[in-house]
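Chains as they are written, first to last, in my numbering: chain R, 1 to 400; chain V, 1001 to 1400. Note that beta-carbon positions come from the ideal geometry of N, C-alpha and C, so glycine has one too. Here is the structure we will look at, set down as structure tokens.
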């Protein structure tokens, strides 16, 4: 596998565009389009929030129906909590986009992100579609990645290549996400493109797998969005022998997809609202994997742990308190905690590690916390960021 | 029932003291003692955190054994995560206190609050015990309430009186709690005294009931402490006819105790770390009470909802997103949201309430959010506070 510069237009046959249509007061780009020059097999994972955007409902239905060829994305408005209009809005916007692209409307998907509960200014978007289609270009991956941003401070994209037989296959992706990031199902907007020729069922299985071990393992603030969607479209332009489930080629593809997804998931955490530090919580020695995951999510979600990291304060007692209160049956007297590779609590008790060593560790940009429950083989990793005053500022001042 | 000025020494036969013994760098009082001139029936509820302070373990055991007559409390150190020494520390401290008071040591309980993972400076406390006992006085309720504080900004006490037969019965209480407040079991340190004559089993049932509908219904930051303890001691000095379970007198006592507990629980929320606003989340119309509680806790725990309130921003879409993601099966198309008495979302859709009306509501010090799921009779209330930059400051700068 090779890591290359690029994003959603790095794979062959994909074009993208990003324009401003007036949804954001800042006049920043707020409308993006992704297009493949031929039909794609597609897969998606969507928020499990019971309050869902009409854009999510429409895309989920269309992915079930069959092939996809374009995705239109607006930022600045979630198209959510505004009643039956939501789906009508998404239908009108995708219908016009389809007409301009010469496609059946069922081949066009849609995603939205932004303020909830404000009717989508559909007129503004419809007016922008012509310019958007005109702007389609194979070099516009970054433009696409920028137009889907909300409180993100950087655009986030990645690309990798692998060889399948003697053909080069590319996978590229772009994501947005900074707040309202919670570890359950897809937790932001993510778009992957690949020129691999792959069976639909293989693509769906691989994508589900990749999302589970990347986007579903991060948390910024524990709040799950109404609009979370992750898409992958595969157009076969690489001309490789069709990838089917099982076998070496499938594994190769899956590994590359997992890598790309994890890269982008980590970028979301690094760009977490107000975040100054990347945090990995690894829980091992749990009775079951599920237990390890519950404890890791609980620690990664603790406001006291996250503020302590923001303050550079190596107060492992807060980690211990959080481990004990996850609801999982643990044995406190067997529990070890490590900061980096240093054992700071052994069998539930202080190890008296000199404070300057701990302080040095907490001055770093990446903090690794390991909890060993010493009760089994269950293991899980969750990635998060610190909780800073800036997070509160961003979210107290986000204009509704 | 009458609400009176007072606290833990308002009921007859109780004395208290608060001194500084050097656990806190600030030199503020950090050692408190509560004493009854005769043995009390007692009850307690303790943290369900699996990582627990030795002080909690000792008190829970002694309450099971029989009567209680004194409680010694230290602030500044949690006596937790320091191994077997924890229980030995608690034993030594309560033994000396018992000797000074002329009591059997099993009649002395202990509670601790403060930094986790640092060995308790038992020597300092032992040196303070003589002064503490000497300082016992029936007017020292507030001194007691002050000496148990950590990040609290105000001391918190309350007292009420009722008539049982022709006797006046008093219930008084003091609590500490400001951060690490999470809604599961007792969630801070709370001490109640009463001069009621009451059967032990009646006291225990009443106390459990009172804690469930007060301290178990508040959340500041979702972090559950290792040291949470709530105590009640009843010395019978009022000379009333013995209160037994069931009957009018039990109900009267229970109502007064619930009132006092709820008052103190709300005081904790109002003094939540960095809090500027009191928030009530009421969920009704759930299929079951349990569902209402899950949704209410989820909304009250949402960082995005809490920062929005800190910012005075009436962004009800965040409430909707939180309601949808609690895991409870709700029907988004039937859900209503009210801010105060104003319906802002009806059947999952915007009601277009003028922004100036909403802004006015969110400028108030107490914010009432009601969610009506319109699917049954389940109802629950949870109290919380906003999430401000000051919360992050306090917890990023709390010196470990």
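Which residue wins for smallest C-alpha separation from residue i, given the options the options?
i                       : options                           : result
residue 1296 of chain V : V/1216, V/1313, V/1265 and V/1263 : V/1216
residue 1239 of chain V : V/1200, V/1166 and V/1257         : V/1166
residue 145 of chain R  : R/71, R/213, R/169 and R/129      : R/71
residue 1188 of chain V : V/1244, V/1169, V/1114 and V/1246 : V/1114
residue 1142 of chain V : V/1029, V/1309 and V/1286         : V/1029
residue 198 of chain R  : R/235, R/211 and R/263            : R/235
residue 1164 of chain V : V/1374, V/1253 and V/1128         : V/1253
residue 1065 of chain V : V/1050, V/1358, V/1053 and V/1043 : V/1043
residue 106 of chain R  : R/90, R/225 and R/68              : R/68
residue 229 of chain R  : R/55, R/152, R/241 and R/214      : R/55
residue 162 of chain R  : R/281, R/248 and R/389            : R/248
residue 38 of chain R   : R/1, R/394 and R/104              : R/104
residue 356 of chain R  : R/314, R/98 and R/120             : R/314
residue 378 of chain R  : R/290, R/309, R/359 and R/306     : R/290
residue 258 of chain R  : R/308, R/212 and R/102            : R/212
residue 1210 of chain V : V/1118, V/1256, V/1390 and V/1158 : V/1256
residue 1201 of chain V : V/1316, V/1173 and V/1243         : V/1243
residue 8 of chain R    : R/302, R/147, R/53 and R/117      : R/147
residue 282 of chain R  : R/325, R/340 and R/327            : R/340
residue 381 of chain R  : R/388, R/390, R/293 and R/311     : R/293
residue 1004 of chain V : V/1384, V/1278 and V/1169         : V/1169
residue 205 of chain R  : R/231, R/219, R/16 and R/195      : R/231
Please state whether DSSP places residue i in a helix, a strand or coil.
i                       : result
residue 288 of chain R  : coil
residue 282 of chain R  : strand
residue 1139 of chain V : coil
residue 1195 of chain V : coil
residue 1074 of chain V : strand
residue 1201 of chain V : helix
residue 1183 of chain V : Its pLDDT being 37, under 50, residue 1183 of chain V is placed unreliably by the model, and the measurement read from it follows with that caveat. Of the three classes helix, strand and coil, the one that applies to residue 1183 of chain V here is coil, per DSSP.
residue 165 of chain R  : coil
residue 1390 of chain V : helix
residue 1124 of chain V : helix
residue 1395 of chain V : helix
residue 1409 of chain V : Outside the shown range of chain V (1001 to 1400) lies residue 1409 of chain V, about which nothing can therefore be said.
residue 1044 of chain V : strand
residue 307 of chain R  : helix
residue 1154 of chain V : coil
residue 1381 of chain V : strand
residue 271 of chain R  : coil
residue 1350 of chain V : strand
Bridge partners for residue i per DSSP, in chain order?
i                       : result
residue 1003 of chain V : V/1160
residue 1110 of chain V : V/1072
residue 171 of chain R  : R/160 and R/194
residue 1343 of chain V : V/1338
residue 325 of chain R  : BP columns for residue 325 of chain R are empty, so no partner.
residue 228 of chain R  : Residue 228 of chain R pairs with nothing; no bridge assigned.
Let me check you understand the geometry: is the CB of residue i closer than 6 Å to at least one non-hydrogen atom of the ligand MG?
i                       : result
residue 1194 of chain V : Summarising the ligand content, the structure contains no ligands, and the ligand MG is consequently not present.
(Q) Three or more C-beta pairs under 8 Å: does that hold for the segment 1337-1350 of chain V against the segment 71-83 of chain R? (A) yes
**Q.** Three CB pairs or more closer than 8 Å across the segment 290-308 of chain R and the segment 1009-1023 of chain V
**A.** no
Q: Taking only beta carbons into account, state which residues of the segment 1310-1330 of chain V come closer than 9 Å to chain R, listed in chain order.
A: 1310, 1311, 1312, 1313, 1314, 1315, 1316, 1317, 1318, 1320, 1321, 1322, 1323, 1324, 1325, 1326, 1327, 1328, 1329 and 1330
Q. If you measure beta-carbon to beta-carbon, which residues of the segment 1349-1363 of chain V are closer than 7 Å to chain R?
A. 1349 and 1350
Q) Taking contact to mean at least 3 C-beta pairs separated by less than 8 Å, is the segment 1259-1268 of chain V in contact with the segment 1089-1105 of chain V? A) no
Q. Are the segment 1046-1053 of chain V and the segment 1016-1034 of chain V in contact at 8 Å, needing three or more beta carbon pairs?
A. The segment 1046-1053 of chain V is not in contact with the segment 1016-1034 of chain V.
Q: Taking 8 Å as the threshold, find out whether the segment 1072-1079 of chain V comes into contact with the segment 1266-1283 of chain V through three or more Cβ pairs.
A: no
Q.
What are the residues in the segment 1046-1075 of chain V lying within 9 Å of chain R by C-beta distance?
A. 1047, 1048, 1049, 1050, 1051 and 1052
Q: Could you please tell me which residues of the segment 1229-1248 of chain V, in chain order, have their CB closer than 9 Å to any CB of chain R?
A: none
Q. Listed from N- to C-terminal order along the chain, which residues in the segment 109-127 of chain R have their beta-carbon within a distance smaller than 8 Å of any beta-carbon of chain V?
A. 115, 116, 117, 118 and 119
Q: Could you run through the segment 82-110 of chain R and flag, in chain order, every residue whose CB is less than 7 Å away from some CB of chain V?
A: 82 and 83
Q: Taking a Cβ distance cut-off of 7 Å, strictly less, list which residues of the segment 1377-1396 of chain V are near chain R, in chain order.
A: 1387, 1388, 1389, 1392, 1393, 1395 and 1396
Q.
Short of 8 Å Cβ to Cβ, which residues in the segment 332-347 of chain R face chain V?
A. 332, 335, 345 and 347
Q) Relative to chain R, which residues along the segment 1153-1166 of chain V have a C-beta separation below 9 Å, given in chain order? A) none
Q) Does the segment 326-341 of chain R come close enough to the segment 371-389 of chain R to have 3 or more Cβ pairs within less than 8 Å? A) yes
Q.
To be precise: take each residue of the segment 1292-1308 of chain V, compare its Cβ to all Cβ atoms of chain R, and keep it if any distance is under 7 Å. Which residues remain?
A. 1302, 1303, 1304, 1307 and 1308: these are the residues of the segment 1292-1308 of chain V whose beta carbon lies less than 7 Å from some beta carbon of chain R, given in chain order.
Q: Identify each residue in the segment 1137-1152 of chain V for which the Cβ-Cβ distance to at least one residue of chain R is less than 8 Å, and report them in chain order.
A: Of all residues in the segment 1137-1152 of chain V, none has a Cβ within less than 8 Å of some Cβ in chain R.
(Q) Short of 7 Å Cβ to Cβ, which residues in the segment 275-294 of chain R face chain V? (A) none
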